[in-house]
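Reviewing the structure listed below.
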Amino acid sequence: MTSDTTPRAAAPREHPRILDRYRVTGRIASGSVGSVLSAVDERSGAPVAIKCFDGGHDNYAAWLDEMRLIMRLRHRNIVAVLDVGHDDSWGLDVLVFARALGGSLRRALVSTPRFDRERTRALLRDVAAALAHAHAHGVIHRDIKPENILALKPEGGPPWAVTDFGAGRFLSSGLERGSFAGSPGYYAPELLHGHLGPALDQYSLGVVGVELLTGERPDHDDCLAFALAHHDRSGLEGLLARMVSIDPERRLPNLESVHRALAGAREPRVDVTRDDQGRRFSLEGNELRWFSGDTATTAGRLLIPRARRFCSLRGHPMLVAGERRLVSFIDKPRTEYAA
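Okay, structure coming up:
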């Protein structure tokens, strides 16, 4: 691109086809970086969504970043990119996506502001799987919100899928400092201090979960109150309380842990702690896991029957197992107290 400005997308009636294949049927949305058009693939007959870069030279780097990010990811809960190219007749670079026929979660919340527990778990499970996949491939989303969660089927989710990696970032580009990205009410508090990392996406997904359960769009104060009210509970509320903790260290180690907790047949039961050497531990049901590295890779796991939660004894982390048993687990599992 050689000029400082780029022509805005032409109206569908002027150039009804893109990449000599996709027949434009209308406009879905417009933003600072691009417009999104609805279209039909004339080869397959499938509906598609086409994102056109028409944001000008200053935003071209962001467009290239999104293109590199999304091309790396292939997952059933991430809206699939089908094609990429430059259309000479429109004078625009384009990304072609599979069309999510059920619309956004935000649209679903207009008619159903509050989801029941099973529907909430199903949606959170799908999005957690997508984000765990993205993180495993070195990508953070940074703008999880109902507008960027889409139902793939005409009747609405599940399955649900994540879209719009326009604010995304490669983990390898640095986790400590970076440009601000996110939407009011959904971005994690540490983002205000320039701290970046996978925990941002977990917080944002937790906010979505709180919104689905309560039927109200929460702000940071609402999430703090929710975390304080439910931090010592098991079940879905306890999981969400940890996800929206103001301290990233109190959240679950990664989105894979969140997905495992939500994928179980029973209500999720989770807890997290650290030892005096900074090692992170999580309790997921009866399974104790410990982690290493910036992206919290599982380093080991152990089954502790009847495990319930972490506690502290003389400054050392312990597990409460059953009603009257404390288990030390730092060196090897052993009962410290039983009554």
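Quick note: the sequence shown, position 193, residue 193 per our numbering, numbers continuous.
The beta carbon of each residue, even a glycine, is placed where N, CA and C say it ideally should be.
If you're wondering where the values come from, they're calculated on a predicted model, not measured in any experiment.
In three-state DSSP terms, what is residue i?
{"i": "S257", "result": "helix"}
{"i": "R177", "result": "Residue placement at R177 is poorly supported in this model, since its pLDDT is 44, which falls under 50; the coordinates still yield a value, given next. Residue state, collapsed to three classes: coil."}
{"i": "R21", "result": "coil"}
{"i": "I246", "result": "coil"}
{"i": "G300", "result": "strand"}
{"i": "Y337", "result": "strand"}
{"i": "I78", "result": "strand"}
{"i": "H133", "result": "helix"}
{"i": "Y187", "result": "coil"}
{"i": "S209", "result": "The sequence shown places Gly at residue 209, rather than the Ser named in the question. G209 falls in the helix class under three-state DSSP."}
{"i": "E267", "result": "coil"}
Can you list, in chain order, the residues of its chain with a C-beta nearer than 7 Å to that of residue i? Leave out the 5 residues immediately preceding and following it.
{"i": "R43", "result": "R21"}
{"i": "H135", "result": "P198, N254, L255, T295"}
{"i": "A10", "result": "Residue confidence for A10 is low, a pLDDT of 47 falling below 50, so the modelled location carries little weight; the figure read from the coordinates is stated next. Answer for A10: W90, listed in chain order."}
{"i": "G85", "result": "L19, V94"}
{"i": "P159", "result": "R76, N77, D126, L152"}
{"i": "Q202", "result": "M243, R251, L252, L255, V258"}
{"i": "V207", "result": "G185, Y186, P218, C223, V244"}
{"i": "A307", "result": "L283, N286, L288, L319, A321"}
Use the C-beta contact count for residue i: other C-beta atoms within 10 angstroms, 16 or more gives buried, fewer gives exposed.
{"i": "A299", "result": "exposed"}
{"i": "Q277", "result": "exposed"}
{"i": "K332", "result": "exposed"}
{"i": "M71", "result": "exposed"}
{"i": "E223", "result": "What sits at residue 223 in the sequence shown is Cys, not Glu. Buried."}
{"i": "S312", "result": "exposed"}
{"i": "H259", "result": "buried"}
{"i": "H133", "result": "buried"}
{"i": "A167", "result": "buried"}
{"i": "K145", "result": "buried"}
{"i": "A349", "result": "The question about residue 349 has no answer here: the residues shown for the chain are numbered 1 through 339."}
{"i": "G322", "result": "exposed"}
{"i": "A46", "result": "exposed"}
{"i": "D116", "result": "exposed"}
{"i": "Y337", "result": "exposed"}
{"i": "L262", "result": "buried"}
Name the DSSP bridge partner or partners of residue i?
{"i": "A321", "result": "A307, R325"}
{"i": "R169", "result": "I140"}
{"i": "C52", "result": "S35, V94"}
{"i": "E155", "result": "The partner list for E155 (beta bridge, DSSP) is empty, contrary to what the question assumes."}
{"i": "S282", "result": "V272, R289"}
{"i": "A29", "result": "V36"}
{"i": "G85", "result": "V94"}
{"i": "L150", "result": "S104, A161"}
{"i": "P47", "result": "V40"}
{"i": "T214", "result": "Paired residue(s): none; T214 is not in a bridge."}
{"i": "L313", "result": "H316"}
If I measure Cβ to Cβ from residue i and keep anything under 8 Å in the same chain, skipping five residues before and after, which residues do I get?
{"i": "F329", "result": "F281, L288, L302, I304, P317, M318, L319"}
{"i": "F291", "result": "P253, N254, R279, R280, F281, S282, T297, T298, A299"}
{"i": "A29", "result": "S35, V36"}
{"i": "R334", "result": "V327, S328"}
Between the Cα of residue i and those of the options, spot the shortest distance and give me the residue it belongs to.
{"i": "R23", "options": "V40, S30, V36, A29", "result": "V40"}
{"i": "G293", "options": "P268, R314, N254, S312", "result": "N254"}
{"i": "G327", "options": "N286, F291, A296", "result": "For the record, residue 327 in the displayed sequence is Val; it is not Gly. Selected option, being the one with the closest Cα: N286."}
{"i": "K51", "options": "G85, R314, L95", "result": "L95"}
{"i": "S111", "options": "G215, R260, V270, L283", "result": "G215"}
{"i": "H386", "options": "A261, E211, D54, V272", "result": "No answer is possible for residue 386: the residues shown for the chain start at 1 and end at 339."}
{"i": "E249", "options": "G238, G264, R274, R68", "result": "R274"}
{"i": "R242", "options": "A129, V210, E323", "result": "V210"}
{"i": "R99", "options": "G156, D87, W63, D126", "result": "G156"}
{"i": "I78", "options": "Q202, D116, D126", "result": "D126"}
{"i": "D247", "options": "E190, E237, L205", "result": "E190"}
{"i": "R119", "options": "S204, A151, R27", "result": "A151"}
{"i": "D87", "options": "V162, R17, A261, R114", "result": "R17"}
{"i": "L212", "options": "V162, A62, A122", "result": "A122"}
{"i": "R233", "options": "A307, H137, L109, R269", "result": "R269"}
{"i": "V81", "options": "Y187, V162, A225, G315", "result": "V162"}
{"i": "P154", "options": "P113, A108, R114, L192", "result": "A108"}
{"i": "G102", "options": "V48, A61, R314", "result": "V48"}
Between which residues of its own chain and residue i is the CB-CB distance below 6 Å, once the five residues before and five after are set aside?
{"i": "D83", "result": "V96"}
{"i": "G235", "result": "E267"}
{"i": "G219", "result": "It should be pointed out that residue 219 corresponds to Asp in this sequence rather than to Gly. G185, listed in sequence order."}
{"i": "R106", "result": "P146, E147"}
{"i": "R177", "result": "For R177, the predicted model reports a pLDDT of 44, less than 50, meaning its position is unreliable and no value from the coordinates is stated."}
{"i": "A227", "result": "A241, V244, S245"}
{"i": "G424", "result": "This structure gives no information on residue 424, because the portion of the chain shown stretches from 1 to 339."}
{"i": "E66", "result": "F165, G166"}
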